[in-house]
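Under my numbering, the first residue of the sequence shown carries the number 1, and numbering increases by one thereafter.
To start, the structure itself, in structure tokens.
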Amino acid sequence: MDAIRNTVLEAWMTEHGYSSNSLADAVNRAVEQLTGHVGGLDGSSVRAWKAGRVTWPKSATRTALEVVTGLPAVALGFVPRGRPSPTPASSQQEEPDMKRRTLVGGIAAAAAAAATPGTASPRRIGMSDVNRLNKRFAEIIASDHRHGGQPGIEERAAALADEALNLQNAGSATQRVRSSLYASGAAFRSSAMWAAIDGRRYDVAKVHMREAQALAEMSGDQAIKFRIWSHAGTMYRHMGRPADACAANDVARNLHLTRRDPLFASLGLARQGAIHGTAQNRTDTRRAFEQAQDAMLRADPADHRPVWLLAFYDQAELDSLALSAYLALGDHPTAEYHAHRCLASLRPHMVRSRAITTTRLAHALLAQGAAEAATATAMKVPADAATRHARVSRMLQEFGAALRATAPRSATVQTWTEHTTTWRTAA
């Protein structure tokens, strides 16, 4: 029996601008993200699908194809094993054009039913749906800057990532819309990743990272790729793995986006400086921050940039990263200098950042022998951040231990102990 061409898949590829080779490459990338092993497809594999010689790809390949297209395999013209294949037109008396219309129409109806059960035809997904999601992304960003690291933020971001992917299956869309939906899903998933990092839930953060990376690849969005790999660098830095941190951050820094926009270059360099500080590379730390400052000064404030970047990266954040680096190096006077600069320019909505910077300033002061000033500074951290934010809580616990080691049985230690008791009561 002659094979019947998969005209539905052919039509989808034409509409979305895929050649056989480019679709094979996209599916191979998705297979790698899903399984950890590189897919083995090439253009001839896709041509076999189109020609009808392969009517039901292998499970991993089929799942990856569904991820790339946003459609179930049956909606792309594939026939599950065990189902009778349509009879080839050559064995029928009806006209070939009528046969083709009947076949395509039947599969299109199945696609519509899979996409929107209970309706006669699929809805059209447009940029208005993407814009609606992006407004909710801005809300996630705002919540992160107020509270940071909370499981609730992570859960909301992950749910919105799933919502973006569900829209892929809810109807028809242009390639531009589909790419934007993948970018939105990657953005939400990267926010879930960051919330987990900020809350020191690193195993969970890695799961979000892998999903975000797969979505970002399918979106082709350079900015969101930068965000995810830059977050990965920060995650490994917090985990005390500077070599991995540097490698991940290098992926972000090597994107061509950083050559087009000095602000992205500046952020990549500043985070690289923080990594060098963790690795105790004093010269590289200083050089990275000098270059980051220079790049920031060259950036045009009027250029269009994503909301997540504009919401946090500025001079205050650069100084915050420098503060972290110089604390790690044990250069406490320079750390104190950057802490004061950061606090002076922090925007009001950066509640979480203010708590972190204040705590780090307290550490810098204590290390210079100013126990009373350090304690007074640490006491400025709000009780909510001190008790609910994992990073801040840990740094304050370390501050208390260092204070007791520095000035045991002193009035300052008593003051700090009484103050932390009020935090526990408030919590």
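Using N, Cα and C, we set each Cβ at its ideal position, and we do this for glycine too.
Given the structure is predicted, the values throughout are model-derived calculations rather than measurements.
Legend entry - Backbone secondary structure at GLY171 - three-state DSSP: strand
Inset, instruction - Alpha carbon to alpha carbon, how far is ARG227 from LEU165? Give it in angstroms, no decimals. - result: 19 Å
Inset, instruction - Give every residue of the same chain whose Cβ lies closer than 6 Å to the Cβ of SER20, excluding the five residues on either side of it in the sequence, and list them in chain order. - result: GLY43, VAL46, ARG47
Legend entry - Spatially closest choice to THR285 from ALA265, GLN293, ALA274, ARG201, by CA coordinates: ALA274
Legend entry - Beta-carbon spacing of THR377, LEU396 below 8 Å: no
Inset, instruction - Indicate whether LEU329 and ALA292 have their beta-carbon atoms separated by less than 8 Å. - result: no
Legend entry - For ARG124, three-class secondary structure by DSSP: strand
Inset, instruction - Determine the direct distance from the alpha carbon of ARG53 to that of ASN6, and round the result to whole angstroms. - result: 9 Å
Inset, instruction - Give the secondary structure of PHE399 by DSSP, where H, G and I count as helix, E and B as strand, and everything else as coil. - result: helix
Legend entry - Three-state secondary structure (DSSP) of LYS206: helix
Inset, instruction - Can you give me the start and stop residues for the alpha helix (DSSP H) that ARG409 sits inside? - result: No alpha helix (DSSP H) contains ARG409, which DSSP labels as neither H nor E.
Inset, instruction - Return the chain-ordered list of same chain residues with a C-beta closer than 7 Å to the C-beta of GLY400, the five sequence neighbours on each side being excluded. - result: TRP416, THR420
Legend entry - Outcome for VAL38 when other beta-carbon atoms lying within 10 angstroms are tallied against a minimum of 16: exposed
Legend entry - Rounded straight-line distance, which links the Cα of ARG260 to that of LEU297: 14 Å
Inset, instruction - Rounded to whole angstroms, what's the CA-CA distance from LEU346 to THR278? Just pull it up for me. - result: 24 Å
Legend entry - Spatial distance of ARG124 from ALA364 (CA atoms): 57 Å
Inset, instruction - Ignore the nearest five residues each way along the sequence and tell me which others in PHE312's own chain have a CB closer than 6 Å to its CB. - result: none
Legend entry - Rounded Cβ spacing between LEU215 and ALA195 (contact assumed at less than 8 Å): That pair is no contact at about 17 Å.
Legend entry - Cβ shell of ASN28 (< 7 Å), same chain only, five flanking positions each side left out: VAL38, GLY39, LEU41
Inset, instruction - Taking ARG341 as the reference, give the member of THR357, LEU327, VAL351, MET350 with the closest Cα. - result: THR357
Inset, instruction - For GLN213, count neighbouring Cβ atoms within 10 angstroms of its own Cβ and tell me buried if that reaches 16, exposed if not. - result: buried
Legend entry - Closest residue to PRO262 among HIS332, ALA390, SER320, HIS304 (Cα-Cα distance): HIS304
Inset, instruction - Leaving out five residues on either side along the sequence, give the residues of the same chain with a beta carbon under 7 Å from the beta carbon of GLY369. - result: none
Inset, instruction - Identify the continuous alpha helix (DSSP H) that holds ARG260 and give its terminal residues. - result: 257–260
Legend entry - Limits of the unbroken alpha helix (DSSP H) element including ASN249: 242–253
Inset, instruction - Check the C-beta distance from ASN391 over to ASP198 and give it rounded, since I have them as a contact under 8 Å. - result: Here residue 391 is Arg; the residue named in the question, Asn, does not match the sequence. Their Cβ separation, rounded to whole angstroms, is 6 Å, which keeps ARG391 and ASP198 in contact under 8 Å.
Legend entry - Residues of its chain near ALA316, where Cβ-Cβ distance is below 6 Å and the 5 sequence neighbours each way are ignored: CYS342, SER345, LEU346
Inset, instruction - Ignoring anything shorter than 4 residues or poking outside the region 294–379, list the alpha helix (DSSP H) runs there in chain order. - result: 307–310, 315–329, 332–345, 351–367, 371–378
Inset, instruction - Enumerate in chain order the residues of its own chain whose CB-to-CB distance from VAL130 is below 8 Å, with the five nearest sequence positions on each side excluded. - result: VAL177, SER180, LEU181, SER184
Inset, instruction - Would you mind working out which of ASP384, ARG388, TRP423, ALA374 sits nearest ALA407, comparing C-alpha positions? - result: ALA374
Legend entry - Coil, strand or helix - ASP221 by DSSP: coil
Inset, instruction - For the alpha helix (DSSP H) holding ASP384, just list the boundary residues, first then last. - result: 383–388
Legend entry - Beta carbon of LEU9 nearer than 8 Å to that of LYS50: yes
Inset, instruction - Might you give, ordered along the chain, the residues of its own chain that have their beta carbon closer than 7 Å to the beta carbon of VAL251, omitting 5 neighbours on each side? - result: TRP229
Legend entry - Buried versus exposed call for GLY171 [16 or more other C-beta atoms within 10 Å across all chains shown]: buried
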